[in-house]
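Engineer: Numbering of the sequence shown is given in our numbering, commencing with residue 1067 and proceeding in unit increments. Glycine included, C-beta positions come from ideal geometry on N, C-alpha and C. Nothing here was measured: the structure is a model prediction, and the numbers come from that model. Okay, handing you the structure first.
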Amino acid sequence: MLLTNWRFWLALVVSALFMLLLLYQVDLTEIRSALLGANYLYVAPAIALYFGAVYFRSVRWRYLLSPLRIFPVSRLYPVIVIGYMANNLLPARLGELVRSYYLARRENFNVSPALATIAVERVYDGVTLLAFAAVSAPVLLLLGQFDGGGGVSRTAWILVGGLMVALFLGALVFLTCLAVMPRFLDFVQWCIRIIPARWGRNQVRNLVFAFVEGLKVLSSTKQHLALFVFSLPVWLLESSTYFLIGYSFGIDQLFSSVWVFMLVVLLLTATSNLATSLPTAIGGIGPFEVVAQQTLLALGVGASVGAAYAGFVHLIALWLPVNLAGLALAWKQNLSIRQLAGAGGKPEPPPEQIDQPSERTGQSVEDVS
1067 MLLTNWRFWL
1077 ALVVSALFML
1087 LLLYQVDLTE
1097 IRSALLGANY
1107 LYVAPAIALY
1117 FGAVYFRSVR
1127 WRYLLSPLRI
1137 FPVSRLYPVI
1147 VIGYMANNLL
1157 PARLGELVRS
1167 YYLARRENFN
1177 VSPALATIAV
1187 ERVYDGVTLL
1197 AFAAVSAPVL
1207 LLLGQFDGGG
1217 GVSRTAWILV
1227 GGLMVALFLG
1237 ALVFLTCLAV
1247 MPRFLDFVQW
1257 CIRIIPARWG
1267 RNQVRNLVFA
1277 FVEGLKVLSS
1287 TKQHLALFVF
1297 SLPVWLLESS
1307 TYFLIGYSFG
1317 IDQLFSSVWV
1327 FMLVVLLLTA
1337 TSNLATSLPT
1347 AIGGIGPFEV
1357 VAQQTLLALG
1367 VGASVGAAYA
1377 GFVHLIALWL
1387 PVNLAGLALA
1397 WKQNLSIRQL
1407 AGAGGKPEPP
1417 PEQIDQPSER
1427 TGQSVEDVS
């Protein structure tokens, strides 16, 4: 049961603490005024743009899976929507496991390679967001947009930024080495030998080999570049959602031109989503709002207006629509939240897929010793 899962309660506590921190900094009367004064005509097209971003996620996932099997985008789109819904409702980003499990169940595919492609996807999400920040932040700094101050010091922003760069680039290097360097894979196998046999050493080794099969798309510089290009429309469309909701709340009027506001949106998209990259809260609720509000505060937007905007764009434009769509698709497929939670905890690959030959080793995963 989800309610007896300690990870659920830990994530709930983290979300609650961040939301309390946010409420401590704002005036509820000003938030109410910001919400009442917003122009909600922009909300529907903003949500449509977000689902457009999900479509391009399906296109990118198709490319990631293409060395293993070609899937129609129409088959991958509902899998991604259900996975995102599960990510929003389950703790510790279990939606990633749910998505790989559901693809395995729906398409008779192996869970571990699917999970490997999702890991690559997440790394490239981070790399693309870091690129957004690297483009927008220096220009905004030169334009004097950070003179508004804020509750977080410039040193803290630099430290957090450096940590994120190290995290995502380190993950990208690790996955690439695992994909293209046999000696690196040999080292990983040597590390696996440390695991006692009674703790499932052979199972771990089989899962690692199956996981590496899903990293084939990282085998060349050209493919890395293609993944980055595929990631751009995903995040440009999602940032357009932030842009339109910004118009709803009149935040664009606080900046000198639409071009400056576009740079603000790129930076906001980067910081708020990087804050939710670690599995610390359910659906990123709490960390997203606090970091988005602090970003806007540093750029001169009022604390309460920034909090109202951050909460609305996250909960109403990003969180709620995909959850409703995911629940509808899950209901259509006769899947329950309990089933999805169980899938996230214990994904099992289809047995007939495990014994497929590994291109790297020339042996089946079961035969590797």
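Take L1078 as the anchor and find which of L1329, L1233 and G1352 has the nearest alpha-carbon.
Structural biologist: Closest option to L1078, Cα to Cα, is G1352.
Engineer: Where does the unbroken alpha helix (DSSP H) through A1182 begin, and where does it stop?
Structural biologist: Where A1182 is concerned, the enclosing alpha helix (DSSP H) stretches over V1177 to L1208.
Engineer: What span of residues does the alpha helix (DSSP H) with V1326 cover, start to end?
Structural biologist: From DSSP, the alpha helix (DSSP H) with V1326 extends over V1324 to A1341.
Engineer: Based on Cα-Cα distance, which residue from Q1405, V1388 and L1115 lies nearest to Y1150?
Structural biologist: The option with the nearest alpha carbon to Y1150 is V1388.
Engineer: Can you tell me where the alpha helix (DSSP H) holding L1169 begins and where it ends?
Structural biologist: G1161 to E1173 is the span of the alpha helix (DSSP H), which, as asked, contains L1169.
Engineer: Using DSSP with H/G/I as helix, E/B as strand and the rest coil, what is T1346?
Structural biologist: T1346 falls in the coil class under three-state DSSP.
Engineer: Can you name the start and end residues of the alpha helix (DSSP H) that S1370 belongs to?
Structural biologist: Segment A1369 to F1378, the alpha helix (DSSP H) holding S1370.
Engineer: Against chain B, with Cβ distances strictly below 8 Å, would L1196 count as a contact?
Structural biologist: Given the protein chain composition of this structure (a single chain), no chain B is represented.
Engineer: Let me confirm a value: S1323 is counted as buried when at least 16 other C-beta atoms fall within 10 Å, else exposed. Which label applies?
Structural biologist: By the neighbour-count rule (16 or more Cβ atoms within 10 Å), S1323 is not buried but exposed.
Engineer: Do you know offhand how far L1320's Cα is from L1363's?
Structural biologist: About 12 Å.
Engineer: How long is the line joining the alpha carbons of Y1090 and S1305, rounded to whole angstroms?
Structural biologist: Computed Cα separation, rounded: 27 Å.
Engineer: First and last residue of the alpha helix (DSSP H) that includes I1097?
Structural biologist: I1097 -> alpha helix (DSSP H) spans L1094 to G1103.
Engineer: Where do the N-terminal and C-terminal ends of the alpha helix (DSSP H) with Y1121 fall, by residue?
Structural biologist: Y1121 -> alpha helix (DSSP H) spans V1109 to L1131.
Engineer: Could you spell out where the alpha helix (DSSP H) holding G1312 opens and where it closes?
Structural biologist: That run of the alpha helix (DSSP H) goes T1287 to S1314.
Engineer: Tell me whether Q1360 sits in a helix, a strand or coil according to DSSP, three-state version.
Structural biologist: Helix, per DSSP.
Engineer: In whole angstroms, what is the alpha-carbon distance linking L1334 and L1087?
Structural biologist: Between L1334 and L1087, the C-alpha separation is close to 19 Å.
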